[in-house]
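Participant:
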DNA sequence: CAGCGAATACTCGATCTCAAGTAATCGAGA
DNA sequence: TCTCGATTACTTGAGATCGAGTATTCGCTG
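Protein chains in written order, with our numbering: chain A, 1 to 231; chain B, 1001 to 1231.
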């Protein structure tokens, strides 16, 4: 909504971390990892330092001290400012209350399904589901460990959310693969036939649509709704 | 997996579009919009032109013609190359079969829940759910229209997936809000008490954790598992 | 106590991204 | 036929992003 001066989500995590106490950038990164927040917010060292610099320029954080231990590189310790606290507040409010579109990898793939033959798609979807299953199981094992240590659930709630999304994606992928294999998904027969014809006759996919009656024996009324050169 | 020369998902859509027939960039963008693919793949004109140029440099597409109609700017028509077709194939295979981590907005927010008072969080989550509900309903109305026109479901399958993710997120947000309000979520009482104490006494949140027995009357064994300055 | 892999703490620069701008044409109404 | 907003088609530059590199120190093993 609001145009942020520093929009990388990592900047949000930096503000959140410095809200606890002043730290140097590398310390922020280790803390995020120790708390597993790097599973929810993408952490990249290159971004970290440029984001901290951008936050400083915007007046959201300020350098309070630079220390040097032995021959190690200098560490600059940053603290959050009042403006930074306000920025974090507004940002968290937006993250929680105002959904903004995020694009997922699988959606892009699904948008171009017909480019592969149906059975190949079904195989790939099942492969995906299997990998995601592993990931979900791993996260749940981690939750069990946390629970057994007496940690309250609120500390890993974002991870619970991720598991629910993973389970949704797994179920969707498996169900879609099954529907493709059984020709239950509308359009699959036509799709399958297209790929068979292309393989057998060496025709171009586009040509098949130009004369559906010739190649499929039926007319597709929706072809006139969404022509291949859809304007 | 494979390091792509042009990694923007829009480049995938460009390759997919040019796989049908040669087009000029703007035509690609109108086709993507007409087919609703811009709901699954982020479309931005600035990115579009730079992506096409990058694809050309990588040898995945080539300019086949530049036409000028009247005094309009020239339109350069591009076609996909064999290398481009191979790239698209590999990319689609990866998109479908190999899940890669994508970070969602809500996860980032959930990771910093304790920064707001419980009731404020619950309000915001319900607000989010209401907005998402609208979006899901809108998509489903669109699906009904498509169905009524006789279009096969495979043409909007990516949108069905989006609806399922939205429904998962809505359910999660509503359930979490409810659990927070009823203190059903572990850690909420402690969380609520922290915010009350900060408001009443003006204490710093960090100080409360240093002497839990004083402020909360009980000790938190997990404090020693994940100290505030977690290494 | 020498060697070596892991951890610490950054830096660099090539891409990538994107809002905003430009400039022509079309089409509907007045 | 004049006007004015919408559409077409693209450009620009400022800033964001990220993988890969670097140099030091720590800690373990043999």
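Just so it is clear, CB atoms sit at the ideal spot from N, CA and C, and this is done for glycine as well.
All values reported here derive from a predicted model rather than from experimental measurement.
1. Would you call the CB atoms of residue 118(A) and residue 188(A) closer than 7 angstroms?
2. DSSP on residue 1085(B), reduced to helix/strand/coil?
3. Please identify the residue among 40(A), 96(A), 142(A) whose C-alpha is closest to the C-alpha of residue 1101(B).
4. State the DSSP-derived secondary structure class of residue 1154(B), mapped to helix, strand or coil.
5. Step through the CB atoms of chain B and report whether any lies within less than 7 angstroms of the CB of residue 234(A).
6. Roughly how many angstroms lie between the CA atoms of residue 1182(B) and residue 1120(B), to the nearest whole one?
7. Taking the C-alpha atoms as reference points, what is the distance between residue 1051(B) and residue 1103(B)?
8. Looking only at its chain, what residues have a beta carbon closer than 8 angstroms to the beta carbon of residue 23(A), apart from the 5 residues adjacent to it on each side?
9. If we ignore side chains and look at the alpha-carbon of each, how far apart do residue 1007(B) and residue 1151(B) end up?
10. Would you identify the three-state DSSP class for residue 1182(B), choosing helix, strand or coil?
11. Label residue 213(A) either buried or exposed according to how many other C-beta atoms from any shown protein chain fall within 10 Å of its C-beta, with 16 as the threshold for buried.
12. What did DSSP end up calling residue 1015(B) once you bin it into helix, strand or coil?
13. With a CB to CB cut of under 8 angstroms and the five nearest residues on each side skipped, what residues in its chain are close to residue 1184(B)?
14. Taking only the alpha-carbon atoms, compute the straight-line gap between residue 1054(B) and residue 1095(B) and give it to the nearest angstrom.
15. Pick helix, strand or coil for residue 76(A), following the three-state DSSP scheme.
16. With a threshold of 7 angstroms between beta carbons, is residue 1137(B) in contact with chain A?
17. In whole angstroms, give me the CA-to-CA distance for residue 142(A) and residue 1135(B).
18. Taking residue 111(A) as part of the alpha helix (DSSP H), name the residues at either end of that continuous run.
19. Tell me whether residue 1109(B) is buried or exposed, calling it buried when 16 or more other Cβ atoms sit within 10 Å of its Cβ.
20. Interface residues of chain B around residue 212(A) at Cβ under 8 angstroms?
21. Would you kindly work out how many angstroms separate the C-alpha atoms of residue 1193(B) and residue 1216(B), rounded to a whole number?
22. Using a Cβ cut-off of 8 angstroms, which residues of the segment 1139–1157 of chain B contact any Cβ in chain A, in chain order?
23. Quick one: list the residues of chain B neighbouring residue 109(A), beta-carbon separation under 7 angstroms, in chain order.
24. Is residue 37(A) buried or exposed, if buried means 16 or more other CB atoms sit within 10 Å of its CB?
25. Report yes if the C-beta distance between residue 132(A) and residue 166(A) is below 7 angstroms; otherwise report no.
26. Of the choices 56(A), 75(A), 57(A), 58(A), whose alpha-carbon is the least far from that of residue 65(A)?
27. Exposed or buried, which one is residue 1112(B) when buried takes at least 16 other CB atoms within 10 Å?
28. Going by C-alpha to C-alpha distance, which of 12(A), 46(A), 82(A), 19(A) sits closest to residue 1105(B)?
29. Taking 7 angstroms as the limit between beta carbons, can you name the residues of its chain near residue 191(A), skipping five residues before and five after?
30. According to DSSP, is residue 1007(B) helix, strand or coil?
31. In the DSSP assignment, what residue or residues form a beta bridge with residue 298(A)?
32. With a threshold of 7 angstroms between beta-carbons, can residue 1194(B) be considered close to chain A, or not?
33. Shorter than 7 angstroms from the beta carbon of residue 1040(B) to some beta carbon of chain A?
34. Does the ligand FMN have even one heavy atom less than 6 angstroms from the beta-carbon of residue 1219(B)?
Facilitator: In this structure, then:
1. The residue you call residue 118(A) lines up with position 118 of the first chain. The residue you call residue 188(A) lines up with position 188 of the first chain. Yes, the Cβ-Cβ distance between residue 118(A) and residue 188(A) is below 7 angstroms.
2. Translated into the one-based positions of the second chain, residue 1085(B) becomes position 85. Reduced to three states, the DSSP call for residue 1085(B) is helix.
3. Counted from its first residue, the second chain places residue 1101(B) at position 101. Checked all of 40(A), 96(A), 142(A); the closest Cα to residue 1101(B) is 40(A).
4. As a working mapping, residue 1154(B) is identified with position 154 in the second chain. Here residue 1154(B) sits in helix by DSSP.
5. Past the edges of chain A, shown from 1 to 231, lies residue 234(A), and the structure says nothing about it.
6. Walking along the second chain from the start, residue 1182(B) turns up at place 182. Walking along the second chain from the start, residue 1120(B) turns up at place 120. Rounded to whole angstroms, residue 1182(B) to residue 1120(B) spans 14 angstroms at the Cα level.
7. On the second chain, position 51 is the one that residue 1051(B) refers to. On the second chain, position 103 is the one that residue 1103(B) refers to. Cα to Cα, the separation comes out at about 23 angstroms.
8. Locating residue 23(A) in the first chain gives position 23, counting from the first residue. A distance below 8 angstroms between beta-carbons, with the five flanking residues on each side excluded, links residue 23(A) to the following residues of its chain, in chain order: 17, 31, 77, 78.
9. Here residue 1007(B) refers to the residue found at position 7 of the second chain. Here residue 1151(B) refers to the residue found at position 151 of the second chain. Residue 1007(B) and residue 1151(B): Cα-Cα distance of roughly 31 angstroms.
10. For the purposes of this step, residue 1182(B) is taken as the residue at position 182 of the second chain. Coil.
11. For the purposes of this step, residue 213(A) is taken as residue 213 along the first chain, with counting starting at 1. Exposed.
12. Counted from its first residue, the second chain places residue 1015(B) at position 15. Reduced to three states, the DSSP call for residue 1015(B) is helix.
13. By one-based count along the second chain, residue 1184(B) stands at place 184. Around residue 1184(B): 1178.
14. As a working mapping, residue 1054(B) is identified with position 54 in the second chain. As a working mapping, residue 1095(B) is identified with position 95 in the second chain. Taking the straight line joining both Cα atoms gives about 20 angstroms.
15. On the first chain, residue 76(A) is found 76 positions in, with the first residue counted as 1. Three-state DSSP puts residue 76(A) in a strand.
16. Sequence index remark: in the second chain, residue 1137(B) carries index 137 (1-based). No, residue 1137(B) lies away from the interface with chain A (no Cβ there is under 7 angstroms from its Cβ).
17. For the purposes of this step, residue 142(A) is taken as residue 142 along the first chain, with counting starting at 1. For the purposes of this step, residue 1135(B) is taken as residue 135 along the second chain, with counting starting at 1. In a straight line, the C-alpha of residue 142(A) is about 33 angstroms away from that of residue 1135(B).
18. To locate residue 111(A), count along the first chain from 1; it is residue 111. That residue, residue 111(A), is in no alpha helix (DSSP H); it is neither H nor E in DSSP.
19. On the second chain, residue 1109(B) is found 109 positions in, with the first residue counted as 1. The residue is buried, with at least 16 neighbouring Cβ atoms inside 10 Å.
20. Along the first chain, read from residue 1 onward, the residue named residue 212(A) stands at position 212. Under the 8 angstroms cutoff, chain B gives no residues; its nearest Cβ is about 13 angstroms from residue 212(A).
21. Within the second chain, numbered from 1, the residue matching residue 1193(B) stands at position 193. Within the second chain, numbered from 1, the residue matching residue 1216(B) stands at position 216. Each residue's alpha carbon lies about 8 angstroms from the other.
22. Of all residues in the segment 1139–1157 of chain B, 1149, 1150, 1151, 1152, 1153, 1154, 1155, 1157 have a Cβ within less than 8 angstroms of some Cβ in chain A.
23. Residue mapping note: residue 109(A) aligns to position 109 of the first chain, counting from 1. Chain B residues near residue 109(A): 1092, 1095, 1096.
24. Taking the first residue of the first chain as 1, we reach residue 37(A) at position 37. Counting the other Cβ atoms within 10 Å of the Cβ of residue 37(A) gives 16 or more, which makes it buried.
25. In the first chain, the residue the question calls residue 132(A) occupies position 132. In the first chain, the residue the question calls residue 166(A) occupies position 166. Yes, the pair counts as a contact, with Cβ atoms nearer than the cut-off.
26. The residue given as residue 65(A) occupies position 65 in the first chain. Out of 56(A), 75(A), 57(A), 58(A), 75(A) has the C-alpha closest to the C-alpha of residue 65(A).
27. Mapped onto the second chain, residue 1112(B) falls at position 112. Buried is the call here.
28. Translated into positions along the second chain, residue 1105(B) becomes position 105. With distances taken between Cα atoms, residue 1105(B) lies closest to 12(A).
29. Reading the first chain from its first residue, position 191 is the one you call residue 191(A). The residues are 114, 118.
30. The residue you call residue 1007(B) lines up with position 7 of the second chain. Looking at residue 1007(B) - three-state DSSP - the assignment turns out to be coil, as it is neither helix nor strand.
31. Chain A is shown only over 1 to 231; residue 298(A) falls outside these bounds and no answer can be derived.
32. As a working note, residue 1194(B) is residue 194 in the second chain. Output row for residue 1194(B): interface = no.
33. As a working mapping, residue 1040(B) is identified with position 40 in the second chain. Judged by the 7 angstroms Cβ criterion, residue 1040(B) is in contact with chain A.
34. What this structure holds is no ligand at all, so the ligand FMN is not there to describe.
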